Each structure stands twice: as C-alpha cells, then as structure tokens.
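J.: Take a look at the following structure, please.
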C-alpha cells in the first residue's frame, strides 16, 4: 500500500497548476473483480469522464495528452491491478503524477480544478485511533504501528530477542521435547514434554515473552495506545502474564501469523479493535451539543477563516456534500456560490486541507449524523 504521509500531504497541498486532476475509485483486494480487471475498467471510465471535463473547459489537447500518458501506463500495468486495496487515489497534471493504493472505500469521484482534492483522504490523514500490533511466534516476532487506514512495521531487533532460541540459548525444538497445546475446559493449554517437561517449556516461553516486554517498554514508555497481540490461542495467556504495558488489549487477533501477509494482518487487526477505533470522533459527535456556542460553529463564513488561522480542533464535513465558493485570505471574506466555476473552488476541500495542515482532525460524516444538520460543515474550535 502506498500510504500517505505528512510529507505527501504537504506535497499535494502545495502543488498548484492551471489544471489539476484528482480521481478516486473503489478497488478490490481479491476475487472475480480482480481476475476480470473491473478496477481497471472503472478507472478508464472515470478518466474518460475527466477528459470530457477537460475538453469542455477548453484545455489544450497537448496538455491533456501529457496528463493522459502516465494514466495509460497505469491502465496497461496488469501487475498493478492484481495488487489493490480498497481504494485508489490519483493526482495528475501535465507536470505531476502520483497514485496511492489505500485501505479506504472511496466513492468514485473526479475533480478538476487548480488544486488537488484531498477531502476523501481525511480519515487517513487525521490518524484517529492509533494502536500497536505485536505478532508473536516462537521463531519470529514483528511489531507494527497502525490505524484503521494504515500499517507500518517498526524494527525491534535491537531491543528484543528475535526468537525463543535467542532467549533460551539452545535448540528449543530438541528431539526429546514435544510441545503442543490443545484447548480443554476453559481454554487452558496443555504442555506435553519429555525430559525437562512441559512446565519447563512454558517457563521458557514466559521468559522469552518477558524479554520482549522489557524491550517494548523502552519503545512504548510514553505511549497510551492499545497493544494488540497476534498469536495462536495458547500463547496469549502466557504473554498476558509476562506483560507490563498498561494498555494491553484484552482480545488477541485470532489466527496464525504464518497464514497472512501484512494486508491480511491489518484487516484482521482492524476487525479485532473495532470497538476502540474512532472513539475520539464518536466522543466529539456525542458531546457537540454541550459545547458552548462560542467554541463551535456551523457557519462557513466563520469556519474557513478559523481553519486558516489554526483555530479548529475538529471539523465535521458532510460526506457526500459540497460547497463551492471563493476565499479572500487577506480580507478573510468567504463567498459561497451555487455551483463549480473555473474561478471558484471546493470550500469543503479547502477547509479540510487547512485543518489537517494545522494538526486538527477532519471527519467525514453522513448527513443524518452531522452535529448541526442544517450545515454541511461543523467545527469545534480550539479556543475562543
């Protein structure tokens, strides 16, 4: 996945051109849609729509051809279409091209203006609901930082043992020791062994996990995000006993780490921590009515200047809504217009970009769930 970083956001927000094209399509990770290249067909349809818009705007044929070339290269890249996530975002001009394969379900959309359209990326860029994943196997451990929309591996080899063998110092799979587990009663594992015995082997696993916990504590010293464990069922009670991190998630990710790649891991992790994700958004939506009038607004004419000044803590945008207009930053004047023109812009996109640049959160909300339903844009201010 080509995840978007703050550096990418800066690059996209700072870029301007007479013609900037933004295309969003839903894509499929697997199945019939991938085999039959439905995603490729969907992009071709949206690009054809975009070309018609460009032609209607009177854009020069040569400029359209320059925008077209990398998109055609992408359409002809069969390997690319076999490795998709949930959505594809493309940003192009005659001198710029970038694409992002992302774990977010976009609605198919085309935007042509003098700037790129970043509103659909708000859930990713807001970074709500960070958590950590520890993938545990006796021969290998991996550690990840994730959100609902992103995952990235963090190398921990220098602060933790990489395997039980590293911790124990001998071949823990010695022939006369058979270690296996099975669930009985209330899910307790049974350890079978010869020589040192199953109890000793469990103790060695505990020491291995304790060494991992000691190393992670150096990394997570000031963190509060949940730590979710991905391991086979019998391992979790042992790690839970060894753990000292104060926010260990009570439910492990089910399954065997050997059976999934990083995309599959992320999907299973998000499903496991669903109740935790987006807590901040839910809390702010719930408490919006109780916030003093001086600390919130549903007026576009107030929200846009506040976004430029870094005064917005949380911005709620109607997911399928749009507001067209212009903003005079020098005089802090907003003019709302009925439809898109060559001279105006999406005020919702403008507000989203400025709030994200100033480290605020942007939430895309369905119309019935907007805090103030008469407005397509609601904001909680950082200060009066």
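In our numbering, the protein residues as written are 13 to 396.
Each residue gets a CB set at the ideal place from its N, CA and C atoms; glycine is no exception.
Quick caveat: nothing in here was measured; it's all calculated off a predicted structure.
1. With residue 74 as the anchor, note down where its alpha helix (DSSP H) starts and where it stops.
2. In whole angstroms, give me the CA-to-CA distance for residue 268 and residue 381.
3. Under 6 Å Cβ to Cβ from residue 308, same chain only, skipping five residues before and after it: list those, please.
4. So, with DSSP's three-state summary, where would you put residue 389?
5. In or out: residue 187 buried (at least 16 other Cβ within 10 Å) or exposed?
6. Apart from the five residues just before and just after residue 338, which ones in its own chain have a Cβ nearer than 6 Å to its Cβ?
7. May I have the straight-line CA-CA distance separating residue 238 from residue 75, to the nearest angstrom?
8. Taking all protein chains shown into account, decide if residue 383 is buried (16 or more other Cβ within 10 angstroms of its Cβ) or exposed.
9. In this structure, does DSSP put residue 272 in helix, strand or coil?
10. Is residue 106 close to chain B, meaning its C-beta is less than 9 Å from at least one C-beta of that chain?
11. Between residue 334 and residue 354, what straight-line distance do the alpha-carbon atoms span, to the nearest angstrom?
12. Taking its Cβ as the centre, do 16 or more other Cβ atoms sit within 10 Å of residue 160, making it buried, or is it exposed?
13. Does the stretch 264-283 come within contact of the stretch 149-159, defined as at least 3 CB pairs closer than 8 Å?
14. Under 6 Å Cβ to Cβ from residue 183, same chain only, skipping five residues before and after it: list those, please.
15. DSSP three-state call for residue 99: helix, strand or coil?
16. Within its chain, find whatever has a CB closer than 7 Å to the CB of residue 154; leave out the 5 residues flanking it on each side and keep chain order.
17. Among 84, 130, 223 and 167, which residue has its Cα nearest to the Cα of residue 176?
18. Measure the C-alpha to C-alpha separation of residue 220 and residue 232 and round it to an integer number of angstroms.
19. Expressed to the nearest angstrom, what Euclidean distance is found between the alpha-carbon atoms of residue 362 and residue 251?
20. For residue 65, which residues from the same chain have a beta carbon less than 8 Å from its beta carbon, with the 5 sequence-adjacent residues on both sides left out?
21. Using three-state DSSP, classify residue 42 as helix, strand or coil.
22. Grouping DSSP H, G and I as helix and E and B as strand, with all else coil, what is residue 348?
23. State the DSSP-derived secondary structure class of residue 367, mapped to helix, strand or coil.
24. Under 9 Å, do residue 131 and residue 364 count as touching if we go by C-beta distance?
25. Can you check DSSP and say which residues form a bridge with residue 242?
26. CA-CA distance, residue 9 and residue 315?
27. Over the uninterrupted alpha helix (DSSP H) stretch that includes residue 250, give me the two end residues.
28. Looking at C-alpha atoms only, which residue of 32, 111 and 243 is the closest neighbour of residue 152?
29. Which class does residue 308 belong to by DSSP, given the choice of helix, strand or coil?
30. Can you tell which of 389, 113 and 322 has its C-alpha closest to the C-alpha of residue 372?
31. Any chance you could list the beta strand (DSSP E) runs of at least 3 consecutive residues sitting entirely within the stretch 107-146, in chain order?
32. When the Cα atoms are used, what is the spatial distance from residue 70 to residue 359?
33. As a quick exercise: from 389, 95, 19 and 102, pick the residue whose alpha carbon is nearest that of residue 58.
T.: In this structure, then:
1. Numbered from 1 along the chain shown, position 62 holds the residue referred to as residue 74. 73-87 is the span of the alpha helix (DSSP H), which, as asked, contains residue 74.
2. Against the chain shown, residue 268 aligns to sequence position 256. Against the chain shown, residue 381 aligns to sequence position 369. Going by the C-alpha atoms only, they are around 38 Å apart.
3. What you label residue 308 is simply residue 296 of the chain shown in a count that begins at 1. Non-local beta-carbon contacts of residue 308 in its own chain, meaning distances under 6 Å to residues more than five positions away in sequence, involve 392 in chain order.
4. Along the chain shown, read from residue 1 onward, the residue named residue 389 stands at position 377. Assigned with DSSP and collapsed to three states, residue 389 falls in strand.
5. What you label residue 187 is simply residue 175 of the chain shown in a count that begins at 1. Here residue 187 scores only 34 on pLDDT, less than 50, and its place in the model should not be relied on; the value that follows carries that caveat. By the beta-carbon neighbour count (other beta carbons within 10 angstroms, threshold 16), residue 187 is exposed.
6. Translated into the one-based positions of the chain shown, residue 338 becomes position 326. These residues qualify, in order along the chain: 347 and 356.
7. For the purposes of this step, residue 238 is taken as the residue at position 226 of the chain shown. For the purposes of this step, residue 75 is taken as the residue at position 63 of the chain shown. Each residue's Cα considered, the two are about 49 Å apart.
8. For this step, residue 383 is matched to residue 371 along the chain shown. Buried, since its Cβ has 16 or more Cβ neighbours within 10 Å.
9. Position 260 of the chain shown, counted from the start, is the residue given in the question as residue 272. Here residue 272 sits in coil by DSSP.
10. Here there is only one protein chain, and chain B is not present.
11. The residue you call residue 334 lines up with position 322 of the chain shown. The residue you call residue 354 lines up with position 342 of the chain shown. Approximately 16 Å between the Cα atoms of the pair.
12. Counted from its first residue, the chain shown places residue 160 at position 148. Residue 160 should be labelled buried.
13. Touching, yes, given that three or more Cβ pairs across the two stretches are closer than 8 Å.
14. Numbered from 1 along the chain shown, position 171 holds the residue referred to as residue 183. With a pLDDT of only 48 at residue 183, under the threshold of 50, the placement of this residue in the model should not be trusted, and no figure is reported.
15. Position 87 of the chain shown, counting from 1, holds the residue named residue 99. Shown here, residue 99 sits in a strand according to DSSP, grouped into three states.
16. Your numbering for residue 154 matches position 142 in the chain shown. Within the same chain, residue 154 has close Cβ partners 147 and 165.
17. Taking the chain shown and counting its residues from 1, one reaches residue 176 at position 164. For residue 176, the closest alpha carbon among the candidates 84, 130, 223 and 167 is that of 223.
18. Translated into positions along the chain shown, residue 220 becomes position 208. Translated into positions along the chain shown, residue 232 becomes position 220. Distance between the alpha carbons of residue 220 and residue 232: 18 Å.
19. As a first step, residue 362 is located in the chain shown; it is residue number 350 there, counting from the start. As a first step, residue 251 is located in the chain shown; it is residue number 239 there, counting from the start. Those two C-alpha atoms are separated by around 47 Å.
20. Taking the first residue of the chain shown as 1, we reach residue 65 at position 53. Here residue 65 has 122 and 124 as same chain residues with Cβ atoms under 8 Å from its own Cβ, once five neighbours each way along the sequence are excluded.
21. Counted from its first residue, the chain shown places residue 42 at position 30. Shown here, residue 42 sits in coil according to DSSP, grouped into three states, outside any helix or strand.
22. The sequence position of residue 348 within the chain shown is 336, counting from 1. Three-state DSSP puts residue 348 in a strand.
23. Within the chain shown, the letter at position 355 stands for residue 367. Here residue 367 sits in helix by DSSP.
24. Position 119 of the chain shown, counting from 1, holds the residue named residue 131. Position 352 of the chain shown, counting from 1, holds the residue named residue 364. Contact check for residue 131 against residue 364 passes: the beta carbons are separated by less than 9 Å.
25. Along the chain shown, read from residue 1 onward, the residue named residue 242 stands at position 230. Beta-bridge pairing links residue 242 to 147 and 265.
26. Only positions 13 to 396 of the chain appear in the structure, and residue 9 is not among them; the question remains open.
27. Working through the chain shown from its first residue, we reach residue 250 at position 238. Element bounds for residue 250: 247-254.
28. Reading the chain shown from its first residue, position 140 is the one you call residue 152. Comparing alpha-carbon positions, the option among 32, 111 and 243 lying closest to residue 152 turns out to be 243.
29. Locating residue 308 in the chain shown gives position 296, counting from the first residue. Strand.
30. Translated into positions along the chain shown, residue 372 becomes position 360. Closest option to residue 372, Cα to Cα, is 322.
31. Here the runs fully enclosed are 108-114 and 121-125.
32. As a first step, residue 70 is located in the chain shown; it is residue number 58 there, counting from the start. As a first step, residue 359 is located in the chain shown; it is residue number 347 there, counting from the start. Their Cα atoms are separated by approximately 24 Å.
33. Translated into the one-based positions of the chain shown, residue 58 becomes position 46. The residue with the shortest Cα to Cα distance from residue 58 is 102.
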